[in-house]
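Visitor: Numbering of the sequence shown is given in my numbering, commencing with residue 2 and proceeding in unit increments. What follows is a single structure, and I will ask about it in a moment.
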Amino acid sequence: MSIRLVKAPLKIAFSRADKDRYKLFKREFDKLSEYDEDPVGQWLKMAKARGETKESDQVLLTLIVELHRKVDEITKILKNEEIEFLKLDTESMIEEIGFEHFKIEDDLLEEGLQYYGRIPMPIFPKREVAVFFTAVSENIAKIDLMHERDRVDWDAYVAARERVMIRERKAKR
């Protein structure tokens, strides 16, 4: 089996998703979904579905929604309502990514075991991407579960990194 990966400088925090902690991790995973944490985004989706945004500038609308999210975030900080993330056991750097796999810097995984992790993604809007994954080797993981919105952004990020790699190869010729 050949796994195609491209260089990508990302961080990851993760823990083994053993039976004792799986429910806790799943609860946090669900909490990080776009539905629980993003009422403005849900409102926008509903408005789009009803056709209420046809006459709107989509870029401007997205920026306004993102500003609203930032105001909500600042309000939560002021009210001490910040999301409390679970403490994860291990932190590492992700060296390479693919559409279904990623490779971490160090040999920290046990083959065949499932893990839960959070990856701060350099995308717009910035957010923590929750992921369940299984170790294929000591440093390569296969993605098992990721929210749909996060999956779309992950795939777009992989494609962008592939384009960067292609441009770098062409420049070296």
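Just so it is clear, CB atoms sit at the ideal spot from N, CA and C, and this is done for glycine as well. Please read these numbers as outputs of a predicted model, since none were measured by experiment.
(1) Quick check on the burial criterion: 16 or more other C-beta atoms within 10 angstroms. Buried or exposed for Leu-61?
(2) I'd like the ranges of any alpha helix (DSSP H) spanning at least 4 consecutive residues and lying wholly in the segment 35 to 96.
(3) In or out: Phe-133 buried (at least 16 other Cβ within 10 Å) or exposed?
(4) Using 8 Å for Cβ pairs, my map puts Lys-12 next to Arg-162. What's the rounded Cβ distance?
(5) Measuring alpha carbon to alpha carbon, tell me which residue in Thr-135, Thr-91, Ala-131 and Lys-143 is nearest Glu-149.
(6) Helix, strand or coil, according to DSSP, for Ala-136 in the structure here?
(7) Under 8 Å by Cβ, that's how I've got His-102 and Lys-143 pegged, so tell me the actual separation to the nearest angstrom.
(8) Between Ala-157 and the rest of its own chain, which residues show a CB-CB distance below 7 Å, the 5 nearest in sequence each way excluded?
(9) Decide yes or no for the touch test of the segment 16 to 23 against the segment 85 to 103: beta carbon pairs closer than 8 Å, at least 3 of them.
(10) List the whole-angstrom C-beta distance separating Ile-141 from Lys-104, where the pair is believed to meet the contact cut-off of C-beta under 8 Å.
Guide: If we stick to the structure as given:
(1) Counting Cβ neighbours within 10 Å, Leu-61 comes out exposed, since fewer than 16 surround it.
(2) Counting only runs that start and end inside the segment 35 to 96, the alpha helix (DSSP H) elements of at least 4 residues fall at 35 to 38, 40 to 50 and 59 to 79.
(3) Counting Cβ neighbours within 10 Å, Phe-133 comes out buried, since at least 16 surround it.
(4) About 15 Å; that fails the 8 Å criterion.
(5) For Glu-149, the closest of Thr-135, Thr-91, Ala-131 and Lys-143 by C-alpha to C-alpha distance is Ala-131.
(6) Ala-136: strand per DSSP, three-state reduction.
(7) At roughly 5 Å, the Cβ-Cβ gap stays under 8 Å, so His-102 and Lys-143 are in contact.
(8) Excluding sequence neighbours, Ala-157 sits near nothing in its chain.
(9) Yes, the segment 16 to 23 is in contact with the segment 85 to 103.
(10) That pair is a contact at about 5 Å.
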